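Written out below as structure tokens is the structure these notes cover.
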Amino acid sequence: MNNLDVTNGKGTREYSLYQVIRRTESPRTKHNQSTEGLREEHIGQNNIINKMLTYKLYLCVLILGCAGSINGKVCNDCVAFTSCPSAAELAVNHRDATTKTKFIESFCGYEYDQLKRIPKVCCSDFNVASRTGEAGTDVTGTANPHPNMKLLPDICGDIDGNRIIGGRVAKIHEFPWMALISYNTREGLQFLCGGSIINSRYILTAGHCVAGSQKIAGVRIGEFDIRYKTDCQGEEPNFVCESHLQDIRVEKVILHESYTGLPAPSNDIALLRLSKPINLSYKNALPICLPVTEDLQNVELGGRVGTVAGWGLTETEKYSPVLLKVNVSIRTGEECTHYYNRSPGTKENDRTTNYLCAGEYLKDSCNGDSGGPLMLEGEYKGINRNIQYGIVSHGPKQCGSDFPGVYTAVTKYIGWILDNIRE
């Protein structure tokens, strides 16, 4: 596990993945010895493919003629252009005079990787607003005027065309925005909460994941099976391996100023600012989209089916080493109020105003993935993508009961998120 002795422990009984998921061995686990040679072979092939992609991107920039300057502009998000999805997409697909000018204007230096000199750019220069002249404009919704919209990525929430429909074990690369938060505990370093990537510097998670006494050690990006440094899945011709784990320290914890604690937290939301940018050039690291447009915020969620993913407890009361997923039915606001409002008839004291409720009998959550995303598909910038509508918060003491689980409603906190991120 990337030289980290990480074990999963049973922390406070909070809220996580779903008991309906039965622990299932993947083909790689079941036939570990027989696939070892194939695994090493495919690791080598994947490395070659990644190098070829980087080389192709590098050639694109050279063709654009924008890597000749020694000096560059100064900015807070100066990264290799291969780590900035919007810049990389432009370099490959839009090699015109406008793109050349954009790269020249945003150039901020070089990064050296195995004697290769890779141009660096100010990543925030490559948002949609800077290309269209309209901040946050979306072809499927009204523009969000917040100045920090430029910090949210254009490329997000990719839907894997080869995903496993109805599967219990997720597919490698199916949810590349999943993050694991590690903590320093008496038992050593442990993963006790989850989160989601919203841009290269920020993880969105639950407030109760950062409000306790346990000290956050860092965030792991790109994990699938915590037992292995290299994860493999499937059979030929669809055998896939992934080895790019990123362990990054947390620079700043941002807890909602009106957070109230367990067992029934309110304003259960927090941001983690990382000490360095996530390398988003790998297939297992990509931000999820947020419901930032008016159309996405006005979607009626009651009755729709969302997806939750994570490494939480299964019905055997053990953590799953492999990333799991489950579909959950979202309840209406009236149903959520019926289950969780402790002051019926008093809207001013209705704790469910900023909640989403989801789940049903045998589809409930357990410890291990508090802070993880509740996702639904939606159209954003003209493309069908994964949108994060909820953050796993809390629920009934008995997993899988008739009570639905509780999620922080992300639509209620878009302004707070934008107010608290920076370059």
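Just so we're aligned: 282 in UniProt numbering is position 282 of the sequence shown, and the numbers increase by one with no gaps anywhere.
We put the beta carbon where it would ideally sit given N, CA and C, even for glycine.
The model shown is predicted, which means the values in this text are computed figures rather than measured ones.
- Within the DSSP bridge table, the entry for T307 names N327 and M375 as partners.
- For the pair I197 and A285, the CB atoms are nearer than the 8 Å cut-off.
- Shown here, V299 sits in coil according to DSSP, grouped into three states, outside any helix or strand.
- Excluding sequence positions up to five before and after H208, its CB lies within less than 7 Å of the CB of E14, G261, L262, P265, D268 and S370, all in the same chain and listed in chain order.
- Residue range Q246 to I248 is occupied by the beta strand (DSSP E) that includes D247.
- Between D125 and K100, the C-beta spacing is not below 8 Å.
- DSSP, reduced to helix, strand and coil, places H146 outside both helices and strands of the structure shown, so it counts as coil.
- Checking the DSSP bridge columns, you'll see A80 partnered with K120.
- Residue pairing for V240: DSSP places it in a beta bridge opposite Q233.
- Within the DSSP secondary-structure output, C156 pairs in no beta bridge.
- When the five nearest sequence neighbours on each side are left out, the beta carbons in the same chain lying within less than 7 Å of the beta carbon of A217 are those of S182, Y183, N184 and L189, in order along the chain.
- Following the DSSP letters along the chain, one finds T185 in no alpha helix (DSSP H) but inside the beta strand (DSSP E) bounded by residues M178 to T185.
- The beta carbons of Q214 and C289 sit no closer together than 8 Å.
- For K215, the secondary structure class from DSSP, reduced to helix, strand or coil, is strand.
- Three or more beta-carbon pairs separated by less than 8 Å are not found between the stretch 298-308 and the stretch 249-259, which leaves the two stretches without contact.
- Between the alpha carbons of V292 and Y340 lies a distance of about 27 Å.
- Scanning D225, L376 and T411 for the CA closest to the CA of K171 turns up D225.
- Looking at the DSSP output, R385 sits in a beta bridge with G378.
- Looking only at S200, G195 and P237, the smallest Cα-Cα distance to E223 is reached by G195.
- Between R168 and the set E335, S200, G390 and L323, the nearest pair of CA atoms involves L323.
- Distance check between C156 and each of P176, P147 and H146 places P176 closest, using alpha-carbon atoms only.
- A straight line joining the alpha-carbon of L192 with that of T205 spans about 12 Å.
- In this structure, C108 and K120 form a Cβ contact; the two beta carbons are roughly 5 Å apart against a cut-off of 8 Å.
- By the neighbour-count criterion, in which 16 or more other beta carbons inside 10 Å mark a residue as buried, H256 falls on the buried side.
- Look at K100 here: in three-state DSSP terms it is helix.
- DSSP places Y202 inside the beta strand (DSSP E), whose first and last residues are Y202 to T205.
- In the displayed model, K412 falls within a helix according to three-state DSSP.
- Residues P291 and Q297 of the same chain have their beta carbon placed closer than 6 Å to that of T411, with the five preceding and five following residues left out of the count.
- The DSSP-derived three-state label of Y339 is helix.
- DSSP assignment within the stretch 269-300 yields the following whole alpha helix (DSSP H) runs of 4 residues or more, N-terminal first: 294-297.
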